[in-house]
Structure formats: structure tokens, C-alpha cells
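> Supplied in C-alpha cells, the structure appears directly below.
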Amino acid sequence: MISDLARARYDIAAFLTRRSEWMCRLDSGPPMWMREEQISVSLEFGKLILTLWGEEFSECWRIEAYEIRGERLILRLGRQPGRVATLEIASGESMGEEAAAARRRAFADTLRHLIERELGARVEYVATHRDDARHLSGIYTRLVLARGGERAIAIAVNSGEPQAHVDGVVTAGLLWWECATNSPHGAEARRLMFFAPCGRAATIARRLTILRRDGPRLELYEVDQARGALIAATPFDQGTLFDPRQMRLPRPVVELPRHPLRDRALALAPGLLRVARRPGSAVESLRLRGLEIARLSRNRFLFGVGTDKRPLRENWAEFERFVHEVARIRHPESPEKAHPFYRLQAERWLEEVIREDVRRVDPRLDPRFLYPQIPADETERRGLVDLLGITDEGQLVLLELKTEEDVEAPMQAAEYWLRIEWHRRRGDLTRRGYFPGLEIADRPTLVLLIAPFLRFHPMFDRVARWIDRRVPVYKIGIAEEWRKGVRVVFRKRANA
Numbered sequence: 000m001i002s003d004l005a006r007a008r009y010d011i012a013a014f015l016t017r018r019s020e021w022m023c024r025l026d027s028g029p030p031m032w033m034r035e036e037q038i039s040v041s042l043e044f045g046k047l048i049l050t051l052w053g054e055e056f057s058e059c060w061r062i063e064a065y066e067i068r069g070e071r072l073i074l075r076l077g078r079q080p081g082r083v084a085t086l087e088i089a090s091g092e093s094m095g096e097e098a099a100a101a102r103r104r105a106f107a108d109t110l111r112h113l114i115e116r117e118l119g120a121r122v123e124y125v126a127t128h129r130d131d132a133r134h135l136s137g138i139y140t141r142l143v144l145a146r147g148g149e150r151a152i153a154i155a156v157n158s159g160e161p162q163a164h165v166d167g168v169v170t171a172g173l174l175w176w177e178c179a180t181n182s183p184h185g186a187e188a189r190r191l192m193f194f195a196p197c198g199r200a201a202t203i204a205r206r207l208t209i210l211r212r213d214g215p216r217l218e219l220y221e222v223d224q225a226r227g228a229l230i231a232a233t234p235f236d237q238g239t240l241f242d243p244r245q246m247r248l249p250r251p252v253v254e255l256p257r258h259p260l261r262d263r264a265l266a267l268a269p270g271l272l273r274v275a276r277r278p279g280s281a282v283e284s285l286r287l288r289g290l291e292i293a294r295l296s297r298n299r300f301l302f303g304v305g306t307d308k309r310p311l312r313e314n315w316a317e318f319e320r321f322v323h324e325v326a327r328i329r330h331p332e333s334p335e336k337a338h339p340f341y342r343l344q345a346e347r348w349l350e351e352v353i354r355e356d357v358r359r360v361d362p363r364l365d366p367r368f369l370y371p372q373i374p375a376d377e378t379e380r381r382g383l384v385d386l387l388g389i390t391d392e393g394q395l396v397l398l399e400l401k402t403e404e405d406v407e408a409p410m411q412a413a414e415y416w417l418r419i420e421w422h423r424r425r426g427d428l429t430r431r432g433y434f435p436g437l438e439i440a441d442r443p444t445l446v447l448l449i450a451p452f453l454r455f456h457p458m459f460d461r462v463a464r465w466i467d468r469r470v471p472v473y474k475i476g477i478a479e480e481w482r483k484g485v486r487v488v489f490r491k492r493a494n495a
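Residue 0 is where the sequence shown starts when you use numbering that gives the first Met the number 0, and the numbers rise one by one after that.
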């Protein structure tokens with residue numbers, strides 16, 4: 000039991016200011032990275048409350064005890080009677096990062112030997128450390144190779160990394176190339192080589208096809224650590240980019256049938272609550288300014304935010320109070336801007352604001368047609384296109400939205416462009432019922448990357464410049480107070 004709640008709040012808050020990012024682990028669950036601003040400690044009704052939130056979740060707990068051990072904070076949490084949990088908040092180095100760092104160093108040694116044996120090259124430089132000043136991640140192995148008097152820049156990712164990190168090796172490689180070729184290590188390099196885990200390099204191979212052609216020679220190798228072999232990957236051409244069996248485009252949602260429970264819920268906040276349903280899905284999401292507050296699937300209605308959802312049965316009054324509370328807080332003039340209801344799912348809120356008047360982003364866009372959350376492929380494993388629209392002249396427009404810095408944004412958007420272009424050239428969009436009554440022009444899809452103008456990653460322009468000019472990518476910066484309405488501050492070609 001905590002005797003001095005104010006002192007405890009001060010101690011915990013002071014601890015959290017030591018770093019901008021923390022690794023959190025609840026009981027024996029997997030660790031997850033959280034930024035300092037995603038962790039809140041407050042005094043409410045004589046209780047010390049911990050709130051954690053991310054893009055898709057929000058959790059609130061009562062802090063019953065705490066202990067600070069160096070760079071580690073241990074909290075004993077309670078929520079329901081008899082339900083107790085332990086949350087550990089620590090620096091990444093002290094929770095799992097040592098093992099990951101050791102794995103990456105071991106992989107670097109293995110790769111060095113494979114390159115020297117299989118490719119006959121000499122490894123002149125190898126590094127796995129993180130370099131924040133130059134925006135070089137410690138996830139990847141960075142190398143400089145020499146063979147026959149010629150130097151090459153190389154980057155690699157090991158098989159223990161998640162797929163998002165594997166796919167991110169392209170962006171990491173471009174940043175490493177620029178650093179290495181501006182140093183004595185790689186000033187004369189003409190080749191940029193990528194090494195990825197065996198069987199997991201398809202996205203990398205696709206992304207390499209959209210890089211400009213006046214740069215270095217690009218090579219891709221798959222690393223088979225089990226057999227101790229390097230396998231040269233055949234570059235994709237435009238005809239083999241995708242497997243048609245996995246790229247079936249779902250039909251758009253045209254009109255939802257009436258549902259008494261959904262209609263009654265929408266009446267609680269007219270003009271604020273909207274129904275979203277992904278193409279190809281039967282699940283309806285009720286969103287208030289982009290924040291999902293309820294989910295309807297057949298006759299099952301769940302309400303709440305994030306994982307804290309409960310069924311709607313005889314508790315209509317509770318649901319009504321909940322909706323009104325979310326509407327009060329999730330407002331441009333909110334009195335509680337630190338509350339999770341305000342901060343969660345910011346990109347979806349931005350999507351709602353843009354859809355209200357899309358011509359503020361680009362006056363050529365047809366406001367009648369904006370398709371949200373289109374799966375990038377049938378399995379949805381490759382993410383969702385934020386918004387797909389069309390200009391008055393029939394040119395497709397892909398709108399990719401960001402509210403936080405993301406170094407992967409240019410490459411991610413360019414890959415979505417590949418997928419949408421693949422469908423456009425095959426006539427899939429018209430055949431599946433998109434943009435009815437309109438003729439889609441035979442012109443490359445426009446890409447609009449939209450973010451608050453201070454939220455573009457510092458390396459955004461460097462990465463975007465590598466994208467081939469056949470992909471028309473535009474960077475659109477909007478005012479920071481976008482919740483009050485979109486105001487474009489600048490727009491420019493990102494890959495000029």
C-alpha cells in the first residue's frame with residue numbers, strides 16, 4: 000500500500016523523464032516499446048492511476064505499489080478485485096536488448112565469413128552499433144566490401160528480426176549508402192548490396208524496382224544461415240511483381256443495410272459517429288472522430304476503446320454516458336488533451352478531417368469518391384492504403400497520412416503505389432466497382448504523403464529522393480492544429 004500518493008506520483012513521473020522511450024512488459028507478456036508521452040500517472044479520487052496508450056489500445060490500472068531499481072521501474076497494478084499484475088518499465092538495454100544485440104553481433108560475424116567465402120570479397124568495415132547522429136539503426140549490419148579493386152556498400156538484416164524490420168532494410172540501406180560514400184570507407188563505391196533472411200525478401204525485391212535508375216547498382220542476396228549459403232535473388236520485373244492469387248481486390252462497401260442497434264447508437268452523436276467497414280470485411284467499426292468506440296459483427300455489439308471492450312446488453316445507459324464522455328474529450332478544443340480518448344488513433348482522426356473537405360488538400364480531388372482502408376493484398380498482411388481517391392480528370396490518387404515521424408513513410412507509400420498501379424493497369428478497380436460512372440485515366444497514380452509539417456522525419460527528403468520519378472510523390476505539410484481543420488502549409492514534389 001502506498002502511504003504518500005503525491006510523493007509516489009512525483010517519483011514515478013521523475014523516473015519516466017529520464018528517457019524518451021521505454022520498454023514495457025506486463026507480467027510475462029512480450030515487451031513493447033512505448034514513448035514517454037504514452038505513459039501517464041495521475042491522482043484521481045484518492046487513487047494513483049497509470050494509463051498506457053498506443054495507436055490501437057488503451058489500458059488504465061490502479062498503482063498499488065512501486066519500486067525503482069536503477070533504470071528499472073516495477074509497478075504492482077490492480078484493476079478489478081482479485082486481479083493483480085506486474086508492469087516492468089525499463090530501458091531497452093536492460094530488457095531484451097542485450098540478447099538482440101548479441102544476436103546481431105553473431106550474425107555480423109557469420110555474414111562476414113559468408114561474404115568472404117561465397118563472394119570472394121574482403122570485408123573492410125562492419126558495424127552493428129546504433130548511430131543516432133546519422134540516423135543509423137542498430138538493427139542492421141552495415142558493411143563496406145572490396146573485391147578486385149572495387150568497393151561496395153552493404154547492409155544486412157538477420158532472421159531473428161520481425162518482418163517490418165526486414166522490409167525496412169531498403170530505407171536503412173539508402174541512408175547507410177549516403178553516409179558511407181561520404182566517408183573514406185566507401186567514397187569510390189558503385190554497388191549497394193542488400194542481405195536478407197532466406198524466404199523473406201519479396202517486399203525488398205519489389206521496393207528495389209521503384210528506386211531511381213541513375214544510382215548505384217543494386218544487388219539482393221538471401222542469407223540461408225542454416226546451410227551457410229548466400230543466394231542471389233533475381234530482380235522482379237513488372238510482370239512478376241505480384242501473385243494474382245493473393246492480390247484479388249475486394250469490392251468496395253456501397254451501402255450498409257439498416258440495423259436498429261447501429262442506427263440507435265449513431266443517433267447519440269449525430270454528425271460525429273461514423274460507420275467504417277473495410278472492403279471485404281463484415282465487421283463494422285463505429286468511430287467518433289476516427290476513434291473506434293464500438294464494433295458490430297452480425298448481432299454482437301461490443302463497446303469500449305482498444306482491448307477494453309464489453310458487450311452491449313442491458314447497459315445502454317452506460318454506453319450512452321461513454322459516448323458522451325468520448326465526444327467531450329475527443330474535440331479540437333478538448334479540456335483534456337493528455338487523455339487517451341484525445342490522443343489515440345490520431346491518423347484516423349486526420350482521415351476524418353480530410354474527408355470532410357478533401358479539396359483543401361488538393362482542389363483537383365473529387366469529393367464524391369474516397370475509399371478508406373483498402374487492403375494492400377487479400378490477406379491484409381501488407382497493410383492498408385489510407386485513402387484512395389480520384390481527380391476530376393480521372394487520375395487515381397493515393398493519400399498516405401502520418402501524424403508522427405516515420406522514416407519508412409516514403410518506401411511504404413511507394414510500395415502501395417506499386418500495388419494500386421498493378422490493379423489499375425489490369426482494370427481491376429473498374430471491374431470491382433470502384434469509381435462508378437467514371438473513366439480512370441491511363442496515367443500513373445499520384446501519391447500524396449500528408450503530415451503535420453513538423454512531423455516529417457528528418458530523413459524523409461533523403462529517402463524520398465531515391466524513388467524513381469515515374470512515381471509522382473508529393474509531400475504535403477499541413478498546419479499542426481489540423482484537428483480544427485486542414486490548412487496546407489506547403490506542397491512540393493518529394494522525388495524531384
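Just so it is clear, CB atoms sit at the ideal spot from N, CA and C, and this is done for glycine as well.
Closest to arginine 75 by C-alpha separation, out of Ile67, Ala84, Arg68, would be which residue?
Nearest option by C-alpha distance: Ala84.
> Locate the beta strand (DSSP E) running through tyrosine 139, then write down its first and last residues.
It is not in any beta strand (DSSP E) - tyrosine 139 carries neither H nor E in the DSSP assignment.
> Helix or strand or just coil, what does DSSP make of phenylalanine 106?
Helix at phenylalanine 106.
> Does DSSP classify tryptophan 21 as helix, strand or coil?
Strand.
> Should proline 183 go down as buried or exposed, given a rule of 16 or more other Cβ atoms within 10 Å for buried?
Classification of proline 183: exposed, given that the 10 Å Cβ count is below 16.
> Rounding to the nearest angstrom, what Cα-Cα distance links alanine 98 and alanine 179 in this structure?
C-alpha separation (whole angstroms): 27 Å.
> Rank Glu324, Asp467, Val488 by C-alpha distance to the C-alpha of leucine 207 and give the top, closest one.
If we check each option's Cα against that of leucine 207, Asp467 comes out closest.
> What first and last residue would you give for the alpha helix (DSSP H) that runs through valine 353?
Note that residue 353 is isoleucine in the sequence shown here, rather than valine. Counting along the chain, the alpha helix (DSSP H) containing isoleucine 353 begins and ends at 345-355.
> Determine, using beta carbons only, whether glutamate 35 and serine 19 come nearer to each other than 7 Å.
Taking 7 Å as the Cβ cut-off, glutamate 35 and serine 19 qualify as a contacting pair.
> Do valine 165 and arginine 199 count as a contact pair if the criterion is CB distance below 7 Å?
Contact flag set, yes.
> Roughly how many whole angstroms lie between the Cα atoms of glutamate 479 and aspartate 385?
Roughly 20 Å between the two C-alpha positions.
> Given that a residue counts as buried once 16 or more other Cβ atoms are within 10 Å of its Cβ, and exposed if not, what is arginine 358?
By the 10 Å Cβ count, arginine 358 comes out exposed.
> Nearest-angstrom Cα distance between tyrosine 341 and phenylalanine 194?
Tyrosine 341 and phenylalanine 194: Cα-Cα distance of roughly 42 Å.
> How many Å lie between phenylalanine 489 and proline 29 at the Cα?
Cα to Cα, phenylalanine 489 sits roughly 41 Å from proline 29.
> Roughly how many whole angstroms lie between the Cα atoms of tryptophan 348 and glycine 137?
Near 33 Å, if we compare the C-alpha coordinates of glycine 137 and tryptophan 348.
> In the DSSP assignment, find the alpha helix (DSSP H) that holds leucine 15 and state where it starts and stops.
Note, leucine 15: alpha helix (DSSP H), 4-15.
> Between the beta-carbon of alanine 151 and the beta-carbon of arginine 190, is there less than 7 Å?
Closer than 7 Å, so yes.
> Can at least three beta-carbon pairs, one atom from the region 438-454 and one from the region 400-409, be found at a separation below 8 Å?
Result yes; three or more Cβ-Cβ pairs closer than 8 Å.
> To which residues does DSSP link aspartate 130 through a beta bridge?
Leu135, per the DSSP bridge assignment.
> Where serine 296 and leucine 267 are concerned, what is the direct C-alpha to C-alpha distance, given to the nearest angstrom?
The alpha-carbon atoms of serine 296 and leucine 267 are separated by roughly 20 Å.
> Mind checking methionine 410: buried by the 16 CB within 10 Å criterion, or exposed?
Methionine 410 is buried by the Cβ-count criterion.
> Please go through the same chain and pick out, in chain order, the residues whose beta-carbon is closer than 7 Å to the beta-carbon of isoleucine 67, but skip the five residues on each side of it.
Hits under 7 Å: Asp10, Phe14.
> Using 10 angstroms around the beta-carbon of glutamate 212, count the other beta-carbons present and answer buried if the total reaches 16, otherwise exposed.
Residue identity differs from the one stated: residue 212 is arginine in this sequence, not glutamate. Arginine 212 should be labelled exposed.
> Any idea what DSSP makes of glutamate 377, helix, strand or coil?
In this prediction, glutamate 377 has a pLDDT of 47, which is less than 50 and means its spatial position is unreliable; what the coordinates show is noted afterwards. In this structure, glutamate 377 counts as coil in the three-state DSSP scheme.
> Which word fits threonine 378, buried or exposed, when buried means at least 16 other C-beta atoms lie within 10 angstroms of its C-beta?
For threonine 378, the pLDDT reaches just 46, beneath the cut-off of 50, and the residue's location in the model is therefore unreliable, although a value from the coordinates is still provided. Per the 10 Å Cβ criterion, exposed.
> Can you tell me where the beta strand (DSSP E) with tyrosine 473 in it begins and where it stops?
Looking at the DSSP string, the run of the beta strand (DSSP E) that includes tyrosine 473 is 472-477.
> Can you give me the Cβ contacts of phenylalanine 302 inside the same chain, cut-off strictly under 7 Å, excluding the 5 residues immediately before and after it?
Closer than 7 Å at the Cβ level, and outside the excluded window around phenylalanine 302, lie Ile292, Ala293, Lys308, Arg309, Leu311, Phe318, Phe321.
> According to DSSP, is alanine 151 part of a helix, a strand, or is it coil?
Correct three-state label for alanine 151: strand.
> Given this structure, state the Cα-to-Cα distance separating valine 406 from arginine 257, to the nearest angstrom.
If I take the Cα positions, the gap works out to 42 Å.
> With burial defined as no fewer than 16 other Cβ atoms inside 10 Å of the residue's Cβ, what is the status of phenylalanine 106: buried or exposed?
Burial call: buried.
> Please state whether DSSP places valine 406 in a helix, a strand or coil.
Correct three-state label for valine 406: coil.
> Considering only residues of the same chain and omitting the five flanking positions on each side of glutamine 224, which have a CB-CB separation below 7 Å?
So the qualifying residues of the chain are Thr109, Ser158.
> Give the straight-line distance between the Cα atoms of isoleucine 154 and valine 304, rounded to the nearest whole angstrom.
Roughly 40 Å between the two C-alpha positions.
> I need the DSSP call for tryptophan 465, collapsed to helix, strand or coil.
Reduced to three states, the DSSP call for tryptophan 465 is coil.
> Below 8 Å on the Cβ atoms is my guess for valine 122 versus glutamate 115; work out the distance and round it to an integer in Å.
That pair is a contact at about 6 Å.
> So leucine 118 and cysteine 23 are in contact, right, with Cβ under 8 Å, and what is the actual spacing, rounded?
Contact doesn't hold; Cβ gap of about 42 Å is too wide.
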